[in-house]
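Read through the structure below, which is laid out as structure tokens, and then see the notes.
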Amino acid sequence: MDGTDDRGTLSVAVDAGGTFTDIVLVDRASGQRWQAKVSSTPDDRSRAFAEGIAQVLSIAGRSPAEVSHVLHGTTVATNVILEQKGAKAGLLTTAGLRHVLEIGRHDIPRHANLYAWQKPRRPIPPEHVREARERLAAGGAVVEALVEQDVRDAAAEFRRLGVEVVAVCFLHSYADPTHERRAGAILAEELPGIPITLSSEVLPVFREYERSMATALNAYVMPAVATYVRRIEDRLKAGGIAAPLLLMKSSGGVIRGEGAARQPVQTALSGPAAGVVGARALGLRAGHPKLITLDVGGTSADISLIDGEPRLTSEGKVGDWPLSLPMIDIHTIGAGGGSIARVSPEGALLVGPASAGAMPGPVAYGRGGVEPTLTDANLVLGRLPPSLLDGAITLDVDAAARAIETRIAKPLGMDLHAAARGIIAVADNAMAGAIRVVSVQRGHDPVDFALLPFGGAGPLQAGAIARLLGMRRILVPASPGVLSAEGLLAAPLRNEFSRTVMMRAPIADPAPLAAAFGALDAEAAAWLEAEAVPASAREIRWRAGMRYMHQGFELYVDWPGRAADDSGLDEAINRFHAEHERLYTFAQRDTPVEIVTLEVAALGTLPGPAAEAAPAAGPGAPSTHLPVHLETGLARVPVWRRDALGAGATVLGPAIIVQMDATTYLHPGDSAVMDAFGNLVVEVPAG
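In terms of the UniProt record's numbering, the numbers along the sequence shown are unbroken and rise by one, the last being 687.
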């Protein structure tokens, strides 16, 4: 993985979304790029993966043998969890903890009807949970030895139940995994061919419910992800590509396919994470380190904040379940180009979360859809051209208008165009609210950031959303529809190593802290060595989860350098106080601080492509004009082809800028300038 592979200089990145699969091919030597977009194939997602790679290689006129890296962002694990279509899994836990998943945190959704709410079914139901006698103290001391016959009896029960995978989560195994490892070995012996996953490998930190749930989810998605990885590797071989497969993790790095098959829950948010990684790389290159990203696809909108670096969280969720693995902090809502608009029984206009998806898609696609979507509303107002993807999809504006008229305008007593504007306004306000979650609720003012919209629908909605938030600058990438695929090319190899330590500062003897960090550091270095990452491409980062004494939650801060001495500890504590004050407006500097969990991240930089500059400025002229329904009435608005705009070119709104993978809409008063990197920098007027 050191980049000296003699197969060729091509890297291919494939981002599989719910509606489209995006493919980017890059020649790392020249920086030349090619892209393709194909409809996703929900019946067999590996088919779109293979078709897209074949298509982009054909466009480039290059050979599969020239490909040396294949990078992939996938939603397979996410979909399995959300759709509750996971494996029949069993859980082996410490005697007395059989109902750890059922008890949970006694959480119910906000605004839930207590008389009607039903607790979601756990990924592993209680009838598939078995116990083994063993017990560790919180520090790892053995209170009761593992009774191995209990494990063998549990294996017999799992065999009788027909489970496909087994999770093992023993109390306090983060402190000493010996019992778990022995139980795993016995289960593997008794259940040949059945995958076994251990909590001490998935999430070796305290809090039994979160650790048990992460391990249960890992087991739940393991067969589906392993099958998918095997299928796409087979398709790569059949297509003549011998390059290694790397999959995106939720934390913003990539791992080998076999690693993803062992710990598939690490990929639960891989697609959205890739977009944030791509946005960060783009922003740093273009001189915009403070960004709020808005990834609007066909089904959902994913929002994240970048203040030099993306924010990592260990308090993520997938569907109904907590997932306490390190992941980029991304807030997702059900608002996308395919989000369905409807009128509620109470007469309210609602948009999403239901989506028309890839099939049948918006009404305008002509694939049998009958319910109007956000895309249909934009088309009816004239903000979208009559065809997409360079003519691959022809849009039926009359069908879209009929759907909005029948299902929205008439029930609400509105005219067609007012109804279309209403659909867009509802979606825009939902996305603006989601941006406030990752900014205002995290102690940031969105005015201090540039909005970076991407995905097929992001640049279409960005202008209105920026106005709702008072944001003054929008940065539209050169290829907004495939930025998540571009992000895969910017991602490093990455793995995280964690340990709960429970130390209270001030620490009289820092040696135990240094030893704990040192052990994790050694694991990280060994992993980088096993991945054959050259020394010049290696990076190891330390973080610590800290809290005030008696608090029930931690804040993670970057540990200064890699020094676990008094000065490093003092600086880390100061960072914790500052972060607590930024988030909650106060710091308790006279209260003892507890160091709860240590985390070490190992990163290996992959060979990246040379930068591709924007073309020199040309005269530029609109390719055509289209009638657009503005707030002030119908107007003929210029339509610009993005590939005709060179560096320094200026476009004034109202205007439509079209390209293969996205459409950008400039509102009246907006002005856009093409920068030297091919980005459109849009200035939004105040007020």
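Glycine is no exception: its CB is placed at the ideal position from the N, C-alpha and C atoms.
- Around the C-beta of residue 117, fewer than 16 other C-beta atoms lie within 10 Å, and the residue is accordingly described as exposed.
- For residue 213, the secondary structure class from DSSP, reduced to helix, strand or coil, is helix.
- Residue 523 and residue 425 have their C-alpha atoms some 50 Å from each other.
- Only exposed fits residue 586, as fewer than 16 other CB atoms lie within 10 angstroms of its CB.
- Note on the region 449-480: whole alpha helix (DSSP H) runs with a minimum of 4 residues are 458-469, in chain order.
- By the CB criterion at 9 Å, residue 134 and residue 95 fall inside the cutoff.
- Pairing residue 22 with residue 501, the inter-Cα distance amounts to about 43 Å.
- In the DSSP secondary-structure assignment, residue 499 is bridged to 598.
- A direct Cα-Cα distance of roughly 10 Å separates residue 428 from residue 336.
- Contact between residue 496 and residue 579 does not hold, since the beta-carbon distance rounds to 20 Å and is not under 8 Å.
- With fewer than 16 neighbouring CB atoms inside 10 Å of its own CB, residue 160 falls in the exposed class.
- The Cβ-Cβ distance between residue 243 and residue 355 does not fall below 9 Å.
- Looking from the CA of residue 667, the closest CA among 660, 649, 686 belongs to 686.
- Note on residue 413: under 16 other CB atoms within 10 angstroms of its CB, so exposed under the neighbour-count rule.
- Taken in chain order, the complete beta strand (DSSP E) segments of 3 or more residues contained in the region 202-251 are 245-248.
- By the Cβ criterion, the region 319-327 is not in contact with the region 294-310, since fewer than three pairs of Cβ atoms, one from each stretch, lie closer than 8 Å.
- The DSSP-derived three-state label of residue 64 is helix.
- Assignment of residue 569 by DSSP, reduced to helix, strand and coil, places it in the helix class.
- The beta strand (DSSP E) runs lying completely inside the region 133-205 and spanning 3 residues or more are 142-144, 165-169, 196-198, given in chain order.
- The Cβ-Cβ distance between residue 349 and residue 74 does not fall below 9 Å.
- By the Cβ-count criterion, residue 77 is buried, with 16 or more other Cβ atoms from all chains shown falling within 10 Å of its own Cβ.
- Take the alpha-carbon of residue 347 and the one of residue 408: they are about 10 Å apart.
- Its chain contains 614, 645, 646, 647, 648, 649, 680 as the residues whose beta carbon lies nearer than 7 Å to that of residue 674, once the 5 sequence neighbours on both sides are disregarded; these appear in chain order.
- Remark: C-beta atoms of residue 560 and residue 505 do not approach each other more closely than 9 Å.
- Within a 10 Å sphere around the beta-carbon of residue 113 sit fewer than 16 other beta-carbons, which makes this residue exposed.
- For residue 80 against residue 128, the beta-carbon gap comes to about 17 Å, at or over 8 Å, which does not count as contact.
- Residues of the same chain with a CB within less than 7 Å of the CB of residue 573, apart from the 5 flanking positions on each side, are 505, 593 in chain order.
- Counting of Cβ neighbours within 10 angstroms places residue 546 among the buried residues, the total reaching 16 or more.
- Between the alpha carbons of residue 296 and residue 165 lies a gap of roughly 35 Å.
- Counting other Cβ atoms within 10 Å of its Cβ, residue 372 reaches 16 or more and is therefore classed as buried.
- Residue burial annotation: residue 192 is exposed, with fewer than 16 other C-beta atoms found within 10 angstroms of its C-beta.
- Scanning its chain for C-beta atoms nearer than 7 Å, with the 5 sequence neighbours on each side dropped, one finds around residue 289 the residues 283, 308, in chain order.
- Here residue 34 carries a strand assignment [DSSP, helix/strand/coil].
- Here the alpha carbon of residue 313 sits roughly 23 Å from the alpha carbon of residue 563.
- The alpha-carbon of residue 657 is positioned some 58 Å away from that of residue 181.
- Note that the region 101-113 does not touch the region 511-522; fewer than 3 beta-carbon pairs, one per stretch, sit closer than 8 Å.
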